[in-house]
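For the protein sequence lines, the chains are A and B, in the order given. Count along the first sequence from 1, then add 14; that gives the number in the working numbering. Count along the second sequence from 1, then add 44; that gives the number in the working numbering. Heads up, the beta-carbon is just placed ideally off N, CA and C, and yes, glycines get one too. Just so we're clear, the structure is a prediction, and the values are computed from it rather than from any experiment. Here the structure comes first, spelled out in structure tokens, and everything after it is commentary.
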Amino acid sequence: MISFSLRNLKLFFKDRAAVFFSLLAVFILIGLYALFLGDVWTDSFPDVPNVRGLMDTWMVAGLLAVTSVTTTMGAYGIMVDDKSKKIERDFIASPVKRSSLLGGYMINAVVVGILMSLVTLLLAEIYLLAGGASLPSPAVLFKTLGLILLSVIANSAMVLFLVSFFQSANAFATASTIIGTLIGFLTGIYLPVGALPEAVQLIIKCFPVSHAAVLLRQVLMEQPMETAFSGAPAETKAAFEEFLGVTYRFGGTTLSSLASMAILLGTAVLFYALSLLVLSRRKIRT
Amino acid sequence: MQEKILETAGLRKAYGNVEAVRGLDFYVEPGQLFAFLGPNGAGKSTTIDILTTLREPDAGETIIDGCRLGAENDRIRGILGAVFQEGVLDGLLSVEDNLKIRGSFYSMHGKALDAAVARAAKITGIEELLKHPYGKLSGGQKRRCDIARALIHTPKLLFLDEPTTGLDPQTRRMIWQTIGDIRRESGMTVFFSTHYMEEAAAADYVVVIDHGKISAKGTPSEFKERYSKDRLILCARQPEVLLSQLKKRGLPAKRTADTVEIELSSTLAALPILDLCRDEISGVEILKGTMDDAFLAVTGKELRE
Chain A
15 MISFSLRNLK
25 LFFKDRAAVF
35 FSLLAVFILI
45 GLYALFLGDV
55 WTDSFPDVPN
65 VRGLMDTWMV
75 AGLLAVTSVT
85 TTMGAYGIMV
95 DDKSKKIERD
105 FIASPVKRSS
115 LLGGYMINAV
125 VVGILMSLVT
135 LLLAEIYLLA
145 GGASLPSPAV
155 LFKTLGLILL
165 SVIANSAMVL
175 FLVSFFQSAN
185 AFATASTIIG
195 TLIGFLTGIY
205 LPVGALPEAV
215 QLIIKCFPVS
225 HAAVLLRQVL
235 MEQPMETAFS
245 GAPAETKAAF
255 EEFLGVTYRF
265 GGTTLSSLAS
275 MAILLGTAVL
285 FYALSLLVLS
295 RRKIRT
Chain B
45 MQEKILETAG
55 LRKAYGNVEA
65 VRGLDFYVEP
75 GQLFAFLGPN
85 GAGKSTTIDI
95 LTTLREPDAG
105 ETIIDGCRLG
115 AENDRIRGIL
125 GAVFQEGVLD
135 GLLSVEDNLK
145 IRGSFYSMHG
155 KALDAAVARA
165 AKITGIEELL
175 KHPYGKLSGG
185 QKRRCDIARA
195 LIHTPKLLFL
205 DEPTTGLDPQ
215 TRRMIWQTIG
225 DIRRESGMTV
235 FFSTHYMEEA
245 AAADYVVVID
255 HGKISAKGTP
265 SEFKERYSKD
275 RLILCARQPE
285 VLLSQLKKRG
295 LPAKRTADTV
305 EIELSSTLAA
315 LPILDLCRDE
325 ISGVEILKGT
335 MDDAFLAVTG
345 KELRE
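The following block contains the structure:
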């Protein structure tokens, strides 16, 4: 299983196009943000001090959430490729357990997701530091790494479930592009969730990936929020947090971070179980 | 009589309404070079897929090296090697990485794995290609790497599904040399499918399959003996005269262009005929029966490419 995971890792990183496309949604978001989105949101809150720095961290949190989806999807592309190129036949004719093969694909996706998230975090921190932000404290960094791990595990489970239905590399590439584009809206990272109609808000709040964004925002934006709202009343701060999707409110109650973590863990368990069910029922194809 | 390494009886497989394999019975003896000959769509690949555990048959009993197919697939997978029609190695990785990864499927690690890779590379003559990415190699080089992959765990039984299809004649000869070397060194049983008759002619035993059924089986010489005849070709100044003369004697002669042709029961049967008409003929030629003739006689058609 380990050498099979290493094979998948090598294959992924040697395929430059796959690496690039797995980060495409990230590049699009950064591009949009640098071009105009950043300015739009900065101008919307003229009363908030250091709003640019605040919105920068908001963007980075969303970026990390999306990265964990698109890069694991890129990593699972190898599994679809093995199927469509009939390389899988060679595996099946060998005395290797199908569960170790599946394990090899899953380990690969998680490792790719973590590595790429770390690269994204590094680049994002460089961008933030260049914009005048201070270095994150070790505690923030530690929490962020933990959240990256949780979000990669949960999101790769959803991606695996999706991937288990694809047999052709072309269909999967098309689906990846569509999902990569939609994911930004579904996690509320292009537009703050509060700027959207109620119904759309509900969809976003129910989408598990967006809870990864929520948790990352809570950690990364804590310090900038303190600074920006130091003299303001608590309600103003709470309203702002809700608007940006730093906290989610369902009805009258605010969702705790623990609840969001539970949602991510539940997603992981549910979708790994569903994927195993789908994959174990699949007959051997051509 | 040695024990059979592979024996199958009543093998059947249908895809929906299409019956690809309709009841096959045959066996392979250890060390044999076994040819599975048939036109495209005859059911060769389906049969190989079943025997290499990739597909489940609808019916039939198969024993491979004492293990029952279907019930003991993992043990069977450990003793068979398979070269598929399409290359199954990773194009972006080096040949060596590919061989090591596949070797790890057979629980080989460390020094044992290195030794296995070196041995497979040596026997297939790909030592110089080990560091190259598989995807950048030529068709013939890829094929030899595919064979090296199939040999990584020194299988008892090697399956090759149309190993030379799509290769140029020179490369084809090289691949067969490699397979010959493997057999000489290890005495491995080799089961291959082909639609080239000259390749089947070099086998120890040939099974001809068409429309999912066996239409003939035997050794190549049995085939030639049974299904093809030697022919005596006579050139004459007056073919018509010669023809009527031979027919008068009750010989099955027929006219072809400006020659007269007689089917022979054996090559030496030509002598009395030649004696008979030595004054009429200006030239003579004896054509030996070939596998092509035999195949034509068995299937009633030429093999399709």
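Quick one: what does DSSP say A:Y119 is sitting in, helix, strand or coil?
-> helix
Would you call B:L137 buried or exposed, if buried means 16 or more other Cβ atoms sit within 10 Å of its Cβ?
-> The residue in question, B:L137, is buried, as its Cβ has 16 or more Cβ neighbours within 10 Å.
Output, in chain order, the set of chain B residues within a Cβ distance shorter than 9 Å of A:F18.
-> I145, S148, F149
Compute the distance between the beta-carbons of A:G76 and A:A273, then report whether it is under 9 Å.
-> no
Best match in A:T268, A:S289, A:E240, A:I193 for proximity to A:V62 [C-alpha to C-alpha] = For the residues A:T268, A:S289, A:E240, A:I193, the minimum Cα distance to A:V62 belongs to A:E240.
From what residue to what residue does the beta strand (DSSP E) around B:D69 run?
-> 62 to 72
Take the Cβ of B:I120 as the centre, count every other Cβ of all protein chains shown within 10 Å, and call the residue buried at 16 or more, exposed below.
-> buried
Grab the span of the alpha helix (DSSP H) containing B:L50 for me, first residue to last.
-> Taken as a continuous stretch (DSSP letters only), B:L50 belongs to no alpha helix (DSSP H), being part of the beta strand (DSSP E) at 50 to 59.
B:T380 versus chain A: which residues are under 8 Å apart at the beta carbon?
-> Because chain B spans 45 through 349 in this model, residue 380 of chain B falls outside it and cannot be assessed.
According to DSSP, is B:D93 helix, strand or coil?
-> helix
Can you give the beta carbon distance from A:T301 to A:V126, rounded, assuming they're within the 8 Å contact cut?
-> This structure gives no information on residue 301 of chain A, because the portion of chain A shown stretches from 15 to 300.
Closer than 7 Å by beta-carbon distance: list the chain A residues that pair up with B:G67, in chain order.
-> Chain-ordered listing is empty here: chain A has no CB closer than 7 Å to the CB of B:G67, the nearest sitting near 22 Å.
Expressed to the nearest angstrom, what Euclidean distance is found between the alpha-carbon atoms of B:L347 and A:L43?
-> Its pLDDT being 49, under 50, B:L347 is placed unreliably in this model, and the value from its coordinates should be taken loosely. Rounded to the nearest angstrom, the two C-alpha atoms are 59 Å apart.
Own chain residues within Cβ distance below 8 Å of A:F50, not counting five before or after = Counting only Cβ-Cβ distances below 8 Å, and skipping sequence neighbours, we find nothing.
Since I believe A:L161 is in contact with A:L229 (beta carbons under 8 Å), could you give me their beta-carbon distance rounded to a whole number of angstroms?
-> 5 Å
Quick check: the segment 100 to 118 of chain B against the segment 169 to 185 of chain B, are there 3 or more CB pairs under 8 Å?
-> no
Starting from the beta carbon of A:V110, find every residue of chain B whose beta carbon is closer than 7 Å, and list them in chain order.
-> F149
Could you tell me whether the Cβ atoms of B:I223 and B:L77 are closer together than 9 Å?
-> yes
Distance, Cα to Cα, A:M15 vs B:R270?
-> 53 Å
So which of A:V233, A:S114, A:L200 has the shortest CA-CA distance to A:P152?
-> A:V233
At a Cβ threshold of 9 Å, is A:R103 touching chain B?
-> yes
Under 6 Å Cβ to Cβ from A:Y286, same chain only, skipping five residues before and after it: list those, please.
-> A171
Cross-chain neighbours of B:F128 in chain A, by beta carbon under 9 Å | Neighbours of B:F128 on chain A, chain order: K100, R103, D104, A107.
Cβ-based contacts, 7 Å cut-off: residues of the segment 111 to 123 of chain B near chain A = So the close ones are D118, R121, G122.
In chain order, what residues of the segment 201 to 220 of chain B put their CB closer than 9 Å to some CB of chain A?
-> F203
In whole angstroms, what is the alpha-carbon distance linking B:T198 and B:G294?
-> 59 Å
C-alpha distance - B:I226 paired with B:L113, whole-angstrom precision | 26 Å
Could you tell me if B:P296 is buried or exposed, where buried requires 16 or more neighbouring beta carbons within 10 angstroms of its beta carbon?
-> exposed
Consider the Cβ of A:R295: report whether some Cβ of chain B lies at a distance smaller than 9 Å.
-> With 9 Å as the cut-off, A:R295 does not count as an interface residue toward chain B.
Could you work out which residue in B:D134, B:I191, B:A164, B:F149 is closest to B:H176 when comparing CA atoms only?
-> Sorting B:D134, B:I191, B:A164, B:F149 by C-alpha distance to the C-alpha of B:H176 places B:D134 at the top.
Three-state secondary structure (DSSP) of B:E307 | strand
Just checking, does the segment 80 to 100 of chain A make contact with the segment 29 to 36 of chain A on the three C-beta pairs under 8 Å criterion?
-> yes
In chain order, which continuous runs of the alpha helix (DSSP H) of length 4 or greater are located wholly inside the segment 169 to 215 of chain B?
-> Restricting attention to alpha helix (DSSP H) runs no shorter than 4 residues, the segment 169 to 215 of chain B encloses them at 183 to 195, ordered along the chain.
For B:C279, which residues does DSSP report across the bridge?
-> B:T303, B:G327
Can at least three beta-carbon pairs, one atom from the segment 210 to 224 of chain B and one from the segment 179 to 193 of chain B, be found at a separation below 8 Å?
-> yes
Listed by chain order, chain B residues near A:K97 by CB distance under 7 Å | One finds nothing in chain B with a Cβ atom closer than 7 Å to the Cβ of A:K97; even the nearest lies about 12 Å away.
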